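Structure first, then comments.
There are 2 protein chains.
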Amino acid sequence: MPGTVEDVDVPSASDVLRRCRELVRPALVDAVGRLHPWTGEMAAYALGWSDTAGTPEPGGSEGKGVRQALALLGAEAVGADAACAVPGAVAVELVHTFSLLHDDVMDADALRRRRPAVWKAYGTGPAVLAGDALLARAVTGLAGTPGDHAAAAVRRLCDALNDLVAGQAEDLRFEHRPWDGPGAVGPEEYRSMAEGKTGALLGCALALGAVLGGAPEPTVAALDRAGRHLGLAFQAVDDILGIWGDPATTGKPVHADLHRGKKTHPVLAALAGGSRAARELGTLLASSRPTDGAAAERVASLVEEAGGRAATRGEARRHLDAARYALRATPLTRTAARELDVLFAGLADRVM
Amino acid sequence: MPGTVEDVDVPSASDVLRRCRELVRPALVDAVGRLHPWTGEMAAYALGWSDTAGTPEPGGSEGKGVRQALALLGAEAVGADAACAVPGAVAVELVHTFSLLHDDVMDADALRRRRPAVWKAYGTGPAVLAGDALLARAVTGLAGTPGDHAAAAVRRLCDALNDLVAGQAEDLRFEHRPWDGPGAVGPEEYRSMAEGKTGALLGCALALGAVLGGAPEPTVAALDRAGRHLGLAFQAVDDILGIWGDPATTGKPVHADLHRGKKTHPVLAALAGGSRAARELGTLLASSRPTDGAAAERVASLVEEAGGRAATRGEARRHLDAARYALRATPLTRTAARELDVLFAGLADRVM
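Residue numbers (the numbering used here), protein chains in the order written: chain Y, 263 to 614; chain Z, 263 to 614.
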């Protein structure tokens with residue numbers, strides 16, 4: 263991805279992500295190395311470092327490392343050295359990996375980054391255990407951060423963890439709710455779920471960088487807010503990809519979210535529209551038939567026709583704007599602020 | 263249980279446990295109340311406060327609350343008020359509940375305290391989620407403890423968590439190890455597993471009370487050591503009950519550990535004996551037939567005949583003595599030290 267036209271010196275989002283991954287890597291390897299060898303093997307697989315035989319797969323299925331990058335940039339944005347935020351970067355990356363492992367168990371998602379999910383590869387019990395080990399290691403590492411900021415950082419991480427788990431709880435409960443009528447999922451409920459499930463940890467990543475960099479509370483709070491909006495944009499993008507994403511890119515089956523009857527933003531927005539397509543969609547979803555194959559194709563068309571895709575694209579755009587606005591309204595160092603802006607735009611641009 | 267003959271004023275173990283539960287209860291109720299309502303409902307069920315419909319079952323299936331009691335007595339033993347240790351007591355009780363929820367998933371244990379395990383009652387995914395919520399809440403509450411000791415307390419809890427998860431990993435791995443030959447589980451490996459799985463949190467409970475009570479590090483370390491020995495005694499007792507325990511008391515099927523082929527202390531000790539019974543036991547276990555019904559009966563007899571039960575009783579007694587010795591060698595307040603002694607004896611006496 264090229265730099266913006268205004269400033270050719272700004273690195274691309276993938277350059278920023280790569281630089282941050284390289285800075286965090288030794289500490290992340292050290293953290294995984296402190297796990298029990300068996301949970302460490304599962305963690306290395308989950309992080310995309312190795313296959314199920316423990317054989318290294320350099321870069322094969324590694325994640326982009328958005329959260330670790332946000333932690334480092336959060337520190338740089340408040341004028342601190344990125345190195346001070348490495349314990350925060352490791353913590354959010356481990357928590358993210360923990361949540362992927364456990365969410366895949368809860369959602370019975372068999373694929374993650376085009377490979378079998380950890381529970382598919384190693385079994386449900388081992389995947390639960392590996393998630394627990396990653397979570398414990400995340401908090402331990404952060405609690406052991408040298409300097410004066412460890413306690414505040416741990417409190418931030420804990421708050422995000424509670425939000426994350428509550429968001430996941432909401433998401434699972436939504437599956438038992440009706441598509442319409444008084445029990446239907448409202449926009450505020452959806453937003454609260456998405457902010458917990460996706461926004462809390464992204465906000466925490468940025469905030470942790472600022473906390474470890476010694477920033478004052480209003481700056482920390484502004485970065486947290488920016489990250490939460492980014493998360494909401496991110497979740498909207500994910501919801502779009504969950505219906506219309508190319509399996510070759512998403513690493514998941516086509517229409518995955520429709521097969522599971524998930525209450526995602528595009529479907530909820532489409533149903534709220536009240537058009538003829540919305541009514542047909544409502545009838546189709548209310549029928550007890552499973553939404554697969556041709557039915558999923560039809561549902562996807564109706565969601566689009568009823569404006570669900572456009573509404574969700576708008577939602578992503580609004581939250582991305584809010585995230586960028588929160589950054590601009592905060593006194594941050596110029597270079598880091600630009601890199602954050604590029605990163606934010608790059609992440610949401612996946613479907614724009 | 264009556265007081266000891268030397269001192270009729272010492273309360274019984276169950277008196278001590280009851281007093282501590284009453285002191286901790288409001289804070290524990292508050293912590294559970296901060297969870298998402300759904301995970302809170304599962305937590306209340308797991309804690310034995312309510313049934314699956316959320317209807318209160320006062321005292322029905324509640325645990326003894328050993329860990330919360332140890333935290334309070336740890337503070338009293340160093341001359342502090344029990345109230346200062348309540349955040350630690352809540353944390354260890356929530357971590358214990360988290361570990362029961364997840365361990366039951368990993369071990370496919372369908373019964374817990376004579377009721378369906380959480381995963382049986384609510385499903386695997388929800389049980390994993392509820393465990394995560396309890397763990398997050400445990401660390402959050404402790405990190406938010408007022409005063410100067412929160413950071414040290416969180417580091418203690420994290421260390422115990424890592425040990426706990428590593429111990430569970432060992433225990434699961436043992437199931438794939440042979441009963442004899444070079445790959446067999448040695449006594450040191452067994453001890454390390456049991457110390458992690460059971461000792462770490464009991465040690466942490468006592469240590470947290472002392473940390474929150476402002477005790478110096480050597481005292482904290484001595485209490486941690488005492489709790490770890492208590493845990494090893496406890497695990498030995500549990501291993502005996504897992505083979506010979508009365509299902510009406512244990513709430514688990516008879517011979518439960520034999521059916522699962524668990525590498526418990528009585529069986530490992532029996533096999534190490536080299537007697538005729540040990541050899542027959544080895545042959546029986548090495549056969550690929552499932553150990554159930556009559557086979558389990560025969561295995562239990564052979565373990566006993568080969569001295570496994572007596573060896574494990576000896577192991578429990580040695581660790582109980584070591585735990586009590588660690589307490590006596592530490593300067594502690596008289597009343598709390600006596601109550602701890604009564605509690606320690608009462609816990610191990612279940613099979614003595």
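Ideal Cβ placement from N, Cα and C applies to all residues, glycine included.
Since we're looking at a predicted model, the values are computed, not measured.
is_contact[residue i, chain Z] using C-beta, thresh 9 Å
i, result
"T386 (chain Y)", "yes"
"T301 (chain Y)", "yes"
"D421 (chain Y)", "yes"
"V267 (chain Y)", "Below a pLDDT of 50, predicted positions are generally treated as unreliable, and V267 (chain Y), at 46, falls in that range; the measurement from the model is reported next regardless. By this cut-off, V267 (chain Y) is not an interface position."
"T481 (chain Y)", "no"
"A428 (chain Y)", "yes"
"R296 (chain Y)", "yes"
"G310 (chain Y)", "no"
"G513 (chain Y)", "no"
"M263 (chain Y)", "Residue confidence is low: M263 (chain Y) scores 42 on pLDDT, short of 50, so the model does not pin down where it sits. Its coordinate-derived value is still stated next. Output row for M263 (chain Y): interface = no."
"D369 (chain Y)", "yes"
"G406 (chain Y)", "yes"
"L397 (chain Y)", "yes"
Residue i, DSSP secondary structure in three states
i, result
"S312 (chain Y)", "strand"
"P408 (chain Y)", "coil"
"P509 (chain Z)", "helix"
"L297 (chain Y)", "coil"
"R522 (chain Y)", "coil"
"P288 (chain Z)", "helix"
"R377 (chain Z)", "strand"
"P440 (chain Z)", "coil"
"P273 (chain Y)", "coil"
"P318 (chain Y)", "strand"
"P517 (chain Y)", "Pro is not the amino acid found at residue 517 (chain Y); the sequence shown has His there. Of the three classes helix, strand and coil, the one that applies to H517 (chain Y) here is coil, per DSSP."
"E324 (chain Z)", "coil"
"M263 (chain Y)", "With a pLDDT of only 42 at M263 (chain Y), under 50, the local geometry of the prediction cannot be trusted, and the value read off the model is given with reservation. Here M263 (chain Y) sits in coil by DSSP."
"L433 (chain Y)", "It is Asp, not Leu, that sits at residue 433 (chain Y) in the sequence shown. Looking at D433 (chain Y) - three-state DSSP - the assignment turns out to be helix."
Chain Y within 9 Å of residue i, Cβ atoms only
i, result
"Q330 (chain Z)", "no"
"E620 (chain Z)", "Past the edges of chain Z, shown from 263 to 614, lies residue 620 (chain Z), and the structure says nothing about it."
"L474 (chain Z)", "no"
"E432 (chain Z)", "yes"
"Y380 (chain Z)", "The sequence given here places Val at residue 380 (chain Z); Tyr does not occur at that position. Not one chain Y Cβ lies under 9 Å of V380 (chain Z)."
"A344 (chain Z)", "no"
"V561 (chain Z)", "no"
"V401 (chain Z)", "yes"
"A372 (chain Z)", "no"
"H364 (chain Z)", "yes"
"G393 (chain Z)", "yes"
"D292 (chain Z)", "no"
"A518 (chain Z)", "no"
"L503 (chain Z)", "no"
Backbone CA spacing between residue i and residue j [nearest angstrom]
i, j, result
"A534 (chain Y)", "H527 (chain Y)", "10 Å"
"T512 (chain Z)", "I505 (chain Z)", "10 Å"
"F496 (chain Z)", "C346 (chain Y)", "43 Å"
"V447 (chain Z)", "A531 (chain Z)", "11 Å"
"P480 (chain Z)", "D425 (chain Z)", "20 Å"
"A324 (chain Y)", "R418 (chain Y)", "According to the sequence provided, residue 324 (chain Y) is Glu. The question's Ala does not apply to it. Roughly 26 Å between the two C-alpha positions."
"G465 (chain Y)", "R487 (chain Y)", "6 Å"
"L297 (chain Y)", "A591 (chain Z)", "34 Å"
"C420 (chain Z)", "T402 (chain Y)", "5 Å"
"E338 (chain Y)", "L589 (chain Y)", "13 Å"
"A558 (chain Z)", "R439 (chain Z)", "19 Å"
"E451 (chain Y)", "T595 (chain Z)", "53 Å"
"A598 (chain Z)", "A331 (chain Z)", "11 Å"
"W311 (chain Y)", "P318 (chain Y)", "6 Å"
"R375 (chain Y)", "D433 (chain Y)", "21 Å"
"H411 (chain Y)", "A540 (chain Y)", "51 Å"
"R473 (chain Y)", "A405 (chain Y)", "The displayed chain sequence assigns Val, not Arg, to residue 473 (chain Y). If you take the alpha carbons of V473 (chain Y) and A405 (chain Y), they lie about 13 Å apart."
"L290 (chain Y)", "T407 (chain Y)", "14 Å"
"A556 (chain Y)", "S274 (chain Y)", "40 Å"
"W441 (chain Y)", "L494 (chain Y)", "22 Å"
"V529 (chain Y)", "A428 (chain Y)", "22 Å"
Residue i beta carbon near the ligand MN (any heavy atom closer than 8 Å)
i, result
"G476 (chain Y)", "Among the components modelled here there is no ligand, and therefore nothing to report on the ligand MN."
*Between the segment 346-357 of chain Z and chain Y, which residues of the former have CB atoms less than 7 Å from a CB of the latter, in chain order?*
none
*When Cβ atoms are compared, which residues of the segment 441-465 of chain Z fall closer than 7 Å to chain Y?*
none
*Return the residues of the segment 536-559 of chain Y that lie within a Cβ-Cβ distance of less than 9 Å from chain Z, sorted by chain order.*
none
*Which residues, in chain order, does the segment 597-611 of chain Z contribute to contact with chain Y at a C-beta distance below 9 Å?*
none
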